[in-house]
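Just so you know, the sequence shown maps onto residues -13 to 108 in this note's numbering.
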Amino acid sequence: MIMASFELIAASETVNAIGAFVGGLFIAGALVWAVRLGISVRSKELPPPRPEEQPRLPDGGAVHEEREIREPDEVPRAADESERLMPYNMHAAGTKHAADQHRKRWVPGSSGSFGGGGPGKT
């Protein structure tokens, strides 16, 4: 009786070892297949651009940013109440170039940060 149980335990260990080996072979085969698929896909891609195809700076040098003060652009009013505003009646952007381009600075004595403890706007 004891010998039969030992044989069953030994047989199940053998089956487990064979199952693990077959599973490992399957995973290794799947990895090899994935690498070969990746190599074939990459070989079909376009090559990287050559140095003469790379972007170049314009002759005038780098483009510099421009600062301007913008103000809200109001929605145009219809001439009469029955007229509908169409998309082509609207302006392209929600803001427009401000007439006053002077940057407003902080004035001492005016309001500070919230909870700053100052006297507020006087």
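Idealized CB from N, CA, C, for every residue including glycine.
Just so it is clear, the structure is predicted and the values come from calculations on it, not from any experiment.
Chain-order list of residues whose beta-carbon lies under 7 angstroms from that of residue i (same chain, five-residue window excluded)
i, result
"Thr81", "Arg56, Glu57, Pro58, Asp59"
"Ala79", "Asp59"
Cross-strand partners of residue i (DSSP beta bridge)
i, result
"Lys82", "Glu57"
Contacting residues, own chain, Cβ-Cβ under 8 angstroms from residue i (five flanking each side not counted)
i, result
"Arg40", "Contrary to the premise, residue 40 reads as Gln rather than Arg in this sequence. Same-chain partners within the cutoff: there are none."
Integer-rounded CB distance, given that residue j should sit under 8 angstroms from residue i
i, j, result
"His88", "Glu54", "At roughly 12 angstroms, the Cβ-Cβ gap does not stay under 8 angstroms, so His88 and Glu54 are not in contact."
"Ala64", "Leu71", "6 angstroms"
Which runs of the beta strand (DSSP E) fall wholly inside the region -2 to 71 and span at least 3 residues, in chain order?
56 to 58
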